[in-house]
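Let me begin by presenting the structure, written as C-alpha cells, before commenting on it.
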Amino acid sequence: MVAVAAVSKTSRDWRGVVRSLEKLLSANQVMRRKEELLVYECDGLTSYRERPAVVTLPKTTEEVAAVVKLCHEQNIPFVTRGAGTGLSGGALPVAECVLIVTTCMQQILDIDYDNQRVVVQPGVINNWITQAVSGAGFYYAPDPSSQLACSIGGNVAENSGGVHCLKYGVTTNHVLGLKVVLPDGETVDIGGAVPEMPGYDLTGIFVGSEGTLGIVTEVTLRILKVPEAVQVILADFTSVEAAGETVSDIISAGIIPAGLEMMDNFSLNAVEDVVATNCYPRDAVAILLIEIDGAAAEVAASAKQIAAMCYKNGARQLTHATDVQERLRLWKGRKAAFAAMGKLSPDYYVQDGVIPRTRLPEVLQQIEALGAKHGYRVANVFHAGDGNLHPLILYNNNIPGQLEEVEALGGDILKLCVSVGGSISGEHGIGADKRCYMPNMFSATDLETMQWVRGALNKKGLANPTKIFPTPKTCGESAQFGNGKGVSERLEGLENF
Numbered sequence: 001m002v003a004v005a006a007v008s009k010t011s012r013d014w015r016g017v018v019r020s021l022e023k024l025l026s027a028n029q030v031m032r033r034k035e036e037l038l039v040y041e042c043d044g045l046t047s048y049r050e051r052p053a054v055v056t057l058p059k060t061t062e063e064v065a066a067v068v069k070l071c072h073e074q075n076i077p078f079v080t081r082g083a084g085t086g087l088s089g090g091a092l093p094v095a096e097c098v099l100i101v102t103t104c105m106q107q108i109l110d111i112d113y114d115n116q117r118v119v120v121q122p123g124v125i126n127n128w129i130t131q132a133v134s135g136a137g138f139y140y141a142p143d144p145s146s147q148l149a150c151s152i153g154g155n156v157a158e159n160s161g162g163v164h165c166l167k168y169g170v171t172t173n174h175v176l177g178l179k180v181v182l183p184d185g186e187t188v189d190i191g192g193a194v195p196e197m198p199g200y201d202l203t204g205i206f207v208g209s210e211g212t213l214g215i216v217t218e219v220t221l222r223i224l225k226v227p228e229a230v231q232v233i234l235a236d237f238t239s240v241e242a243a244g245e246t247v248s249d250i251i252s253a254g255i256i257p258a259g260l261e262m263m264d265n266f267s268l269n270a271v272e273d274v275v276a277t278n279c280y281p282r283d284a285v286a287i288l289l290i291e292i293d294g295a296a297a298e299v300a301a302s303a304k305q306i307a308a309m310c311y312k313n314g315a316r317q318l319t320h321a322t323d324v325q326e327r328l329r330l331w332k333g334r335k336a337a338f339a340a341m342g343k344l345s346p347d348y349y350v351q352d353g354v355i356p357r358t359r360l361p362e363v364l365q366q367i368e369a370l371g372a373k374h375g376y377r378v379a380n381v382f383h384a385g386d387g388n389l390h391p392l393i394l395y396n397n398n399i400p401g402q403l404e405e406v407e408a409l410g411g412d413i414l415k416l417c418v419s420v421g422g423s424i425s426g427e428h429g430i431g432a433d434k435r436c437y438m439p440n441m442f443s444a445t446d447l448e449t450m451q452w453v454r455g456a457l458n459k460k461g462l463a464n465p466t467k468i469f470p471t472p473k474t475c476g477e478s479a480q481f482g483n484g485k486g487v488s489e490r491l492e493g494l495e496n497f
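Here it is in C-alpha cells:
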C-alpha cells in the first residue's frame, strides 16, 4: 500500500484545483468561500470540526467520478458527505480536502413493485422512499430516528439501523446492489437486482465502510409490503430490572417485535417537557415501547402474550394503540428523545454501544455509576430488543475541559460494552469518534487484515483518510491498544488509511 504524502497549505494551488473542478461541474457546484465552507465543517458530532478546502455538489455518477479522478491524479484527499446527520464524525472533513456532497443527487430512479425494489440516488432522504411507495401498499423498513433528514447514502455508509431493526434488520439487510465510484475514479456495479448474488459479497463490504472504499452513487433497495395489522404497546415499570426482564421474556417466547425500545425516567420526562405527548407516565422508572405487526390474528395473539408478560414482571399499566395516529403519538417521544436533551443541557454527547440483552439491568447500573464517578448526568434511550444502547451524556461545551471529560466517560461506557461481550457500535459507525477504541474489540491481526481490504481499493489512502482505524497520529504514539499489543507499531506504515 502507498501512503499519502502530507500536503502543506502553501504547496497546493487551490485556485487551479477550483478552476479544474468548475470545468468538470459548474461554478455553482463548487464552493470555496469561507462562509460557505463553514456549513460543512462537521456532521452531527459537532464537537469535532475541520473546514474543507473545497466543497463540490455533483448531481450524477459521471460528475462524482470526474471529481474523484481529479483528486486521484493530484493526490488530494476527499471526504464524502450526505445530509450530515451522522453522529460519529464519519463525514468530518480532513485538512486540505475536497468534500464531495451528495445532497443534490435526490432522484428516485426506478420503482419496481412486482419485484419489491427501488433504485435511488444517495441524496434521497430515508423517509421519502416510504412516501413514494406507500400509495401502493409498500414501505422501506430501516428507520433511523433522523429519518426525516438523513439520506440513503449516509445510511449505507454507516449501516444505519432504527427502531424497527430488531425484526427487519439494519440497512445492509435491505441493500441489493450499488453503483460505486472507486477511489481512482472508476465506476463499478456490485450486487444486483436480486438477493444473494454469487461471488464475493462486495455489497456487504461496502455497506458500513464509511466512505473509505469509494462513493455510492446509486442504491438498489428492498421495499416491503405494509403489514395487515400493527399494534404498539406502552408499558411502564417501577424498575429498570423489571423492564429488562420483560424484554428477555418476550424474545425467549419466540416473539420478535417490529420494535422494542426502552426509555428511563430522565429521558421520558425530558421528552414530555418538550414534545408533550401526554402518553408517558412521568413517575415511571422505565417504559417499554413494543410494536408488533403481521397478520391480524398473529398480532392479537402476540399482544395478549406480551401483556401477560408485562404484568407478570410488575408493569403498572399498559396502553394499546392500533390507530395510525395513536401509534405515531406513542412513537413521537422516542423519535424526539435526542432533540429533547437540548432543553436540559446546552450540549450532549451520545454513544452507541451494544450489549447482550440479558445484561441490560447490570450494565445500566454500571453506566449510572460511571456517570456519578465522572460527575455527569446520563440519560438512557435505546433499542432494548437488540441491546443497542444510546447513553446521552449531558455537558456544557463552553466550560473548558468538559468535552474531554465526557469523551473519557463515553470511552469507559464503550469498554464496558465490550467487557460484557458487546460491541462499540450498533448503528452510528466508528468514524473519527471511536477509532481509538477499535483495538479494545479487535486484535492487531484483525485490524491489519481490515486495512489490507481497505488498501486493495483505496491504494493511495485518499478516500476518507484517518477514519475508522487508530494510528499513532490519531491515537497516540505510545498507546497500548486493548487486546492487541503492538498495534501502534503495526499500523505505522498505514498512517493515512
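Going by full-length UniProt numbering, the first residue of the sequence shown is number 1, and it counts up by one from there. Yeah, the Cβ is synthetic: ideal placement off N, Cα and C, and Gly gets one too. It should be emphasised that the depicted structure is a prediction, and the values quoted were computed from it without experimental measurement.
Item, Value
"Bridge partner(s) assigned by DSSP for M441", "According to DSSP, which records beta bridges pairwise, M441 is partnered with nothing at all."
"Opposing strand residues paired with P391 [DSSP bridges]", "N380"
"Environment of P400 [buried if 16+ CB atoms lie within 10 Å]", "exposed"
"For L109 and residue 569, the rounded distance between their alpha carbons", "The displayed coordinates of the chain run from 1 to 497. Any statement about residue 569 would go beyond what the structure contains."
"T172 versus N155 - alpha carbon distance", "9 Å"
"Whole runs of the beta strand (DSSP E) within the region 206-232, excluding any shorter than 3 residues", "215-222"
"Stretch-stretch touch, CB-based, cutoff 8 Å, three pairs: the region 240-247 with the region 352-365", "yes"
"Other residues of its chain near A132: CB distance less than 8 Å, five sequence neighbours each side excluded", "I108, I111, V118"
"Validate contact between the region 290-304 and the region 213-233 using beta carbons, cut 8 Å, 3 pairs", "yes"
"Residue burial classification, V39 (beta-carbon count within 10 angstroms, cutoff 16)", "exposed"
"Residues that I290 bridges to, as DSSP identifies them", "I233, L260"
"Cβ shell of R327 (< 6 Å), same chain only, five flanking positions each side left out", "V232, A321"
"C-beta contact flag for N464 and V79 at 8 Å", "yes"
"C-beta atoms of Y376 and G411 nearer than 8 Å", "no"
"Segments assigned alpha helix (DSSP H), at least 4 residues, entirely inside the region 395-445", "402-419, 438-441"
"Reduced DSSP secondary structure (H/G/I, E/B, other) of G244", "helix"
"Assigned secondary structure, F138 (DSSP; H/G/I helix, E/B strand, else coil)", "strand"
"Option nearest V418 by Cα separation, candidates N397, D201, N440", "N440"
"Rounded separation between M341 and R12 - CA only", "43 Å"
"Whole-angstrom C-beta distance between P391 and I413, which should lie under 8 Å", "6 Å"
"DSSP-derived helix/strand/coil call for G90", "coil"
"Own chain partners of N159 with C-beta closer than 8 Å, once the 5 adjacent residues on each side are dropped", "V170, T171, T172, V207, G208, E427, G429"
"C-beta atoms of L92 and E36 nearer than 8 Å", "no"
"Length of the line joining the Cα atoms of Q305 and R329", "23 Å"
"Segment contact flag, the region 209-226 with the region 260-273, C-beta cutoff 8 Å, min 3 pairs", "no"
"C-beta atoms of L344 and A270 nearer than 8 Å", "yes"
"Continuous beta strand (DSSP E) stretch holding A66: start and end", "Per DSSP, A66 belongs to no beta strand (DSSP E); it is in the alpha helix (DSSP H), 61-74."
"Own chain residues within Cβ distance below 7 Å of C310, not counting five before or after", "A235, T246, L318"
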